[in-house]
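Asks:
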Amino acid sequence: MISVEVAYALPHEQKIIALQVDEECTAYQAVVRSGIAELFPGVDPASAPMGIFGKAIKDPATTVLKDGDRVEIYRPLIADPKEVRARRAAKMKAEKAAEQTKRDDGE
Numbered sequence: 018m019i020s021v022e023v024a025y026a027l028p029h030e031q032k033i034i035a036l037q038v039d040e041e042c043t044a045y046q047a048v049v050r051s052g053i054a055e056l057f058p059g060v061d062p063a064s065a066p067m068g069i070f071g072k073a074i075k076d077p078a079t080t081v082l083k084d085g086d087r088v089e090i091y092r093p094l095i096a097d098p099k100e101v102r103a104r105r106a107a108k109m110k111a112e113k114a115a116e117q118t119k120r121d122d123g124e
């Protein structure tokens, strides 16, 4: 038997469940065995993206865990991070241009 954890977090709530599993246990099996889907009904272990300590895993059903691993269940992104950064940069550029215009006008 090995010790692993299964973690899931919402903006207002998080849960880490520690459990003992067989040495051949996969990430998917650990998530199912943890019962986290009963605590968070929106979690579907069959389709949820997962990772181990922040590193995404391609196939949770075949990824065998090691002692001490923490399986993390990821939520879908609300916004594309690249798009958010681009909007923020465009806003800062516009603010800088407006500030320069004020200085040029002598204000």
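Its first residue numbered 18, the sequence shown is counted upward by one per residue in the numbering used here.
No residue lacks a Cβ here, since even glycine has one placed at the ideal position from N, Cα and C.
Have a look at Lys119, Ile90, Gly85 and flag the residue whose alpha-carbon is nearest the alpha-carbon of Ile52.
Replies: Taking the first residue of the sequence shown as position 1, residue 52 is located at position 35. Reading off the sequence shown, one finds Gly at residue 52, where the question assumed Ile. The residue with the shortest Cα to Cα distance from Gly52 is Ile90.
Asks: Could you spell out the range, first to last residue, of the alpha helix (DSSP H) harbouring Met109?
Replies: By 1-based counting over the sequence shown, the position of residue 109 is 92. Element bounds for Met109: 98-121.
Asks: Tell me the rounded alpha-carbon separation between Ala47 and Thr79.
Replies: Taking the sequence shown and counting its residues from 1, the one referred to as residue 47 is at position 30. Taking the sequence shown and counting its residues from 1, the one referred to as residue 79 is at position 62. Between Ala47 and Thr79, the C-alpha separation is close to 12 Å.
Asks: Using the three-state DSSP reduction, which class does Glu41 fall into: helix, strand or coil?
Replies: Counting from one through the sequence shown, the residue named residue 41 turns up at place 24. Coil, per DSSP.
Asks: Would Ala114 pass as a contact of Leu82 if the rule is Cβ separation under 8 Å?
Replies: Within the sequence shown, the letter at position 97 stands for residue 114. Within the sequence shown, the letter at position 65 stands for residue 82. The answer is no: Cβ separation not under 8 Å.
Asks: I'd like to confirm something about Glu100: is its beta-carbon nearer than 7 Å to some heavy atom of the ligand GTP, or not?
Replies: Questions concerning the ligand GTP fall outside what the structure shown contains, since it holds no ligand whatsoever.
Asks: Which first and last residues belong to the beta strand (DSSP E) in which Ala26 is found?
Replies: In the sequence shown, the residue the question calls residue 26 occupies position 9. Unbroken beta strand (DSSP E) run through Ala26: 19-26.
Asks: Taking DSSP's pairing of strands, which residues face Gln31 in a bridge?
Replies: Mapped onto the sequence shown, residue 31 falls at position 14. Partner(s): Ala26.
Asks: So if DSSP puts Val81 in a beta bridge, which residue, or which two residues, is it bridged to?
Replies: If you number the sequence shown from 1, residue 81 lands on position 64. Beta-bridge pairing links Val81 to Thr43.
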